[in-house]
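S.K.: Take a look at this one; I'll ask things after.
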Amino acid sequence: MDANARPRRIVVIGAVAAGTSAAAKARRNDEEAEIVLYERDRHISYSGCGMPYYIGGLLSDFKEIVPRDAAYFKKKYNVDVRIRHEVVSVDPEAYTLTVKNLETGETFGDRYDTQVLATGAMPVILPVPGVEGDHVFPLRNPTHALGIRGFLEQRHPESAVVIGSGFIGLEMVENLAHAGLAVSLVEKLPHVCPFVDPDLSPYVLEALEQHGVTVRTRLSASAIRPREVELEDGSTLPGDLVILAVGIRPETGLARAMGVALGANGAIQVDESMRTNLPDVYACGDCAENVSIVDRRRFYRPLGATANKTGRICGDVITGGPLVHRGVAGTGIFLVFDRAVAATGLNEREARATGRDVVVSHNIKPDRPDYLGGREMVIKTIADRADGTLLGVQIVGFEGVDKRIDVLVTAMTAGLKAADLFHLDLAYAPPFSTTKDPVHYTGMILENALARGRELLGGDQLAAAGEGTYTVVDARVPAQYDAGHVPGAINLPQEQVREALAGLDRNKPIVTYCNKGVTGNAVQNILLNHGFKRVYTLSGGFRQFQSCRVAAGKLNCKDAARRIVENEAVRPALQKDGR
Numbered sequence: 001m002d003a004n005a006r007p008r009r010i011v012v013i014g015a016v017a018a019g020t021s022a023a024a025k026a027r028r029n030d031e032e033a034e035i036v037l038y039e040r041d042r043h044i045s046y047s048g049c050g051m052p053y054y055i056g057g058l059l060s061d062f063k064e065i066v067p068r069d070a071a072y073f074k075k076k077y078n079v080d081v082r083i084r085h086e087v088v089s090v091d092p093e094a095y096t097l098t099v100k101n102l103e104t105g106e107t108f109g110d111r112y113d114t115q116v117l118a119t120g121a122m123p124v125i126l127p128v129p130g131v132e133g134d135h136v137f138p139l140r141n142p143t144h145a146l147g148i149r150g151f152l153e154q155r156h157p158e159s160a161v162v163i164g165s166g167f168i169g170l171e172m173v174e175n176l177a178h179a180g181l182a183v184s185l186v187e188k189l190p191h192v193c194p195f196v197d198p199d200l201s202p203y204v205l206e207a208l209e210q211h212g213v214t215v216r217t218r219l220s221a222s223a224i225r226p227r228e229v230e231l232e233d234g235s236t237l238p239g240d241l242v243i244l245a246v247g248i249r250p251e252t253g254l255a256r257a258m259g260v261a262l263g264a265n266g267a268i269q270v271d272e273s274m275r276t277n278l279p280d281v282y283a284c285g286d287c288a289e290n291v292s293i294v295d296r297r298r299f300y301r302p303l304g305a306t307a308n309k310t311g312r313i314c315g316d317v318i319t320g321g322p323l324v325h326r327g328v329a330g331t332g333i334f335l336v337f338d339r340a341v342a343a344t345g346l347n348e349r350e351a352r353a354t355g356r357d358v359v360v361s362h363n364i365k366p367d368r369p370d371y372l373g374g375r376e377m378v379i380k381t382i383a384d385r386a387d388g389t390l391l392g393v394q395i396v397g398f399e400g401v402d403k404r405i406d407v408l409v410t411a412m413t414a415g416l417k418a419a420d421l422f423h424l425d426l427a428y429a430p431p432f433s434t435t436k437d438p439v440h441y442t443g444m445i446l447e448n449a450l451a452r453g454r455e456l457l458g459g460d461q462l463a464a465a466g467e468g469t470y471t472v473v474d475a476r477v478p479a480q481y482d483a484g485h486v487p488g489a490i491n492l493p494q495e496q497v498r499e500a501l502a503g504l505d506r507n508k509p510i511v512t513y514c515n516k517g518v519t520g521n522a523v524q525n526i527l528l529n530h531g532f533k534r535v536y537t538l539s540g541g542f543r544q545f546q547s548c549r550v551a552a553g554k555l556n557c558k559d560a561a562r563r564i565v566e567n568e569a570v571r572p573a574l575q576k577d578g579r
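Okay, structure coming up:
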C-alpha cells in the first residue's frame with residue numbers, strides 16, 4: 001500500500017452469523033483494511049439455534065451459545081466490534097453514516113468505502129391485547145433467552161402456551177416440557193409444522209400428543225392474560241408463560257431508508273456476489289433474499305447455515321475474491337422430542353404451482369434393521385415426470401434423518417435424477433442402515449413410477465376421488481384388513497390375487513395397497529403383467545393413507561396410532577415381509 005494512501009474502510013452493520021463471517025473472511029483476504037462492525041445488541045456471533053436448549057436446561061452455561069465477544073474478534077482478527085451501537089442513517093452518496101451509542105445516547109459520524117448490511121431479522125409480534133405482559137416473550141436473540149430462563153427460575157411457571165409451530169415454536173414446546181411445564185401449542189393454520197406438507201404434519205402431531213402437549217389448530221390467540229390465553233373461539237389455555245413464535249421478517253428499515261431495493265418478500269435484493277443496487281453496498285444473512293437451486297426463483301428462507309455461507313461469500317467478494325452465491329435449496333432440520341423433521345427444495349404445492357407434471361412418492365422404511373432397533377422414517381419425494389429431476393424432499397423419522405436429507409439435497413445440487421439414487425454407493429453396516437438404504441428405495445419407487453408404468457396415487461387423491469371411482473384392493477391378510485382399511489376396499493391378499501383375476505373389472509382403474517407399499521407394489525406388478533392397464537399403488541400404503549385422513553380432519557392421531565399398532569401386531573406372523 002502507498003504510504004500516503006488511507007486504508008480501505010469496511011463497515012459491517014450487524015454482528016451475528018452473517019456479519020461476523022463476512023468480517024472474518026475479509027480479514028483473511030486483506031490484512032490492511034480497516035474493518036468495523038456495529039451491533040445494537042449486547043451479544044454477537046451467537047448460536048440462535050441453541051437458545052431453546054439453554055432455556056430448557058439442557059445447556060447450563062450461557063457462554064455455550066455466546067462463545068465469542070468483541071475482545072475475541074479484536075485479538076484474533078484485528079476487527080473492531082462495537083456493541084450497543086446502532087447505525088441510524090446512511091448517506092450512500094457521501095459514503096457516510098450516523099451512529100448512536102445506545103449506552104450514552106451520543107451520536108457520531110463515520111465513513112465507509114464498502115458497506116455490508118447484515119441486519120438480520122426481527123420477530124413478528126402479534127397485535128393482540130396483553131402481548132406487552134411481562135410473561136410474554138419472543139425468542140430471537142440471547143437477551144430474549146436470558147429473559148425466558150430468568151422467568152422460569154424466578155417465577156416458577158407451571159404452564160406455557162407457545163403460539164406458532166415453526167422451528168422455534170416446536171423446539172420451545174419440547175424444551176419447556178423438558179423443564180417440567182404443561183405446554184399448549186396454538187397454530188393458526190390447519191396443520192402443525194408448516195415446514196412440511198399437510199400429509200406429513202400428522203407424524204409431528206403424533207410426537208407432540210405422545211408427549212402430552214395440548215395442540216389447537218385453526219385458531220389464533222385473541223387475548224393474552226396473566227395466567228391464560230384466550231383463543232378466537234372463546235376457549236382458554238393455561239399460560240403462566242407465553243412464547244410468541246409466529247415467524248420473523250427481514251430487518252430492512254435502514255436499507256429501505258437508504259434506497260436499497262427490496263424483493264417481493266421484503267428482503268434485500270442481491271446478485272450472486274451479494275451486491276445490492278447501490279454502489280459498494282452489499283447484504284448477507286437473514287436480511288437478504290436467496291435464489292432457489294431448484295427453479296431459480298427468489299425466495300426468503302432465513303437459516304443459520306445460509307447466513308454463515310452468504311457472510312463468507314460477501315467477505316470474499318468485497319476483498320477481491322472469486323466466490324459467488326450459487327443458491328440454496330432451503331434445507332432445514334430440527335428435533336421435536338424424539339422426532340427429527342427435515343425438508344429441502346420445493347414442497348408439493350410449490351412444485352405443482354410451477355406447472356410441472358410431478359410424481360410424489362412416500363417411502364416408509366426403517367433407519368436400520370429391526371434386529372438392531374430400527375425405527376421407521378417417512379421420506380416424501382417430489383420429482384418432475386418429464387425428466388426425473390428431484391424437486392423436493394421431506395423426511396420425518398427418529399435417527400438417520402440428517403444423513404438421508406443431506407444425501408438427497410447433494411443429489412439435487414449435483415443434478416442427479418431420481419433413477420440415479422439407486423446407484424449411489426452408500427455406506428452400509430447394520431448399526432447404520434439397511435442393506436438397501438431408504439435413499440435407494442426412494443430411487444426405486446420413483447424409477448418404477450417414472451419409467452416402468454408403476455404409477456403412484458396419493459392418499460389425498462384417493463380420498464378426494466370418492467368411493468367407487470377405483471377398485472381398491474387391500475393386499476394384506478384378513479387380520480390386518482379387519483384392524484382398519486381404506487373405505488370401500490376389498491380384501492384380496494397377494495397369494496390369492498392370481499386366482500381372483502377374472503373377478504376384477506379390467507375397465508375400471510385399480511388401486512392396490514398394503515401397510516407401507518411393498519406388497520401393494522407386488523400386486524400392482526401381478527395385475528399389470530396380466531394385462532390390466534390402469535393400476536396404481538397407494539403411495540406409502542395404508543400408513544400414509546391414515547396420515548392423510550388425519551390431515552383432512554377425518555381421523556384423530558390416537559385412533560390412527562391404535563390402528564397402526566393393531567396392524568403391526570400381525571407382522572411377526574407374516575415374517576415381517578413388508579405387508
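For the sequence shown, our numbering begins at 1 and goes up steadily by one.
Glycine residues also receive a C-beta, built at the ideal position from the N, C-alpha and C atoms.
Since we're looking at a predicted model, the values are computed, not measured.
If the criterion is Cβ atoms closer than 8 Å, does the pair Ile-83 and Asp-113 meet it?
M.R.: Contact flag unset, no.
S.K.: What separation, rounded to the nearest whole angstrom, lies between the Cα atoms of Met-1 and Ile-382?
M.R.: Bear in mind that the predicted position of Met-1 carries a pLDDT of just 48, short of 50, making it unreliable; the figure below should be weighed with that in mind. C-alpha separation (whole angstroms): 54 Å.
S.K.: According to the neighbour-count rule (16 or more other Cβ atoms, all chains shown, within 10 Å of its Cβ), is Ser-235 buried or exposed?
M.R.: So Ser-235 ends up on the exposed side.
S.K.: Taking Cβ positions, are Leu-152 and Ala-182 nearer each other than 8 Å?
M.R.: Their beta carbons are not under 8 Å apart, which means Leu-152 does not touch Ala-182 by this criterion.
S.K.: Provide the residue span of the beta strand (DSSP E) that contains Ala-383, from first to last.
M.R.: It spans 376-384 - the beta strand (DSSP E) in which Ala-383 sits, taken as one unbroken run.
S.K.: Does the Cβ-Cβ distance between Leu-492 and Val-473 come in under 8 Å?
M.R.: Cβ distance < 8 Å, so Leu-492 and Val-473 count as in contact.
S.K.: Quick one: give me the first and last residue of the alpha helix (DSSP H) that Ala-483 is part of.
M.R.: Per DSSP, Ala-483 belongs to the alpha helix (DSSP H) from 478-483.
S.K.: Alpha carbon to alpha carbon, what distance is there between Tyr-513 and Val-580?
M.R.: With the chain covering 1 to 579 only, the question about residue 580 has no answer from this structure.
S.K.: Please name the residue, chosen from Asn-29, Ala-18, Pro-190, that lies closest to Gly-321 on a Cα-to-Cα basis.
M.R.: Nearest of Asn-29, Ala-18, Pro-190 to Gly-321, Cα basis: Asn-29.
S.K.: According to DSSP, Gln-394 sits in a beta bridge with which residue or residues?
M.R.: DSSP lists Ala-343, Lys-380 as partners of Gln-394.
S.K.: Just to confirm my understanding: we take Asp-505, look at its own chain, exclude 5 residues before and 5 after, and list those with CB closer than 7 Å. What are they?
M.R.: Same-chain partners within the cutoff: Thr-471.
S.K.: What would DSSP say about Thr-310, mapped onto helix, strand or coil?
M.R.: Thr-310 falls in the helix class under three-state DSSP.
S.K.: Does the segment 340-360 come close enough to the segment 426-443 that 3 or more CB-CB pairs lie under 8 Å?
M.R.: Counting Cβ pairs under 8 Å, fewer than three are found: no touch.
S.K.: Within a Cβ cutoff of 6 Å, which residues of the same chain sit near Lys-417, ignoring the five residues on either side of it in sequence?
M.R.: The residues are Gly-388.
S.K.: Taking the alpha carbon of Arg-498 as the point to measure from, which residue in Arg-476, Val-523, Asn-265 has its own alpha carbon closest?
M.R.: Taking only the C-alpha atoms, the option nearest Arg-498 is Val-523.
S.K.: Go through its chain and collect everything with a Cβ distance to Leu-102's Cβ below 8 Å, but skip five positions before and after it.
M.R.: Closer than 8 Å at the Cβ level, and outside the excluded window around Leu-102, lie Arg-40, Arg-84, His-85, Glu-86.
S.K.: Give the straight-line distance between the Cα atoms of Val-328 and Gln-154, rounded to the nearest whole angstrom.
M.R.: One C-alpha to the other measures close to 42 Å.
S.K.: Ignoring anything shorter than 4 residues, give me the alpha helix (DSSP H) runs that lie fully in the segment 501-529, in order along the chain.
M.R.: Fully enclosed alpha helix (DSSP H) runs of 4 or longer: 518-529.
S.K.: Whole angstroms is fine: what's the gap from Met-444's alpha carbon to Ser-361's?
M.R.: Using only the alpha carbons, I get a separation of about 10 Å.
S.K.: Tell me whether Arg-256 sits in a helix, a strand or coil according to DSSP, three-state version.
M.R.: In the structure shown, Arg-256 sits in a helix (DSSP, three-state: H, G or I).
S.K.: Please state whether DSSP places Gln-115 in a helix, a strand or coil.
M.R.: Note: Gln-115 maps to strand in three-state DSSP.
S.K.: Taking the straight line between their C-alpha atoms, what separation do you get for Ser-47 and Gly-468?
M.R.: Those two C-alpha atoms are separated by around 54 Å.
S.K.: Does the separation of the CB atoms of Phe-167 and Leu-244 fall below 8 Å?
M.R.: Cβ atoms of Phe-167 and Leu-244: not closer than 8 Å.
S.K.: What span of residues does the beta strand (DSSP E) with His-440 cover, start to end?
M.R.: No beta strand (DSSP E) holds His-440; the alpha helix (DSSP H) holding it covers 438-451.
S.K.: Residue range of the beta strand (DSSP E) that Phe-334 falls in?
M.R.: Looking at the DSSP string, the run of the beta strand (DSSP E) that includes Phe-334 is 332-336.
S.K.: In chain order, what are the residue ranges of uninterrupted alpha helix (DSSP H) at least 4 long that sit wholly in the segment 223-267?
M.R.: If we require 4 residues or more, the alpha helix (DSSP H) runs fully inside the segment 223-267 come out as 253-258.
S.K.: Does DSSP put Pro-7 in a helix, a strand or coil?
M.R.: Correct three-state label for Pro-7: coil.
S.K.: Give every residue of the same chain whose Cβ lies closer than 7 Å to the Cβ of Asp-577, excluding the five residues on either side of it in the sequence, and list them in chain order.
M.R.: With a pLDDT of 44 at Asp-577, under the threshold of 50, the modelled position of this residue cannot be trusted, and the question is left open.
S.K.: Please list the terminal residues of the continuous alpha helix (DSSP H) segment that includes Leu-170.
M.R.: Looking at the DSSP string, the run of the alpha helix (DSSP H) that includes Leu-170 is 167-178.
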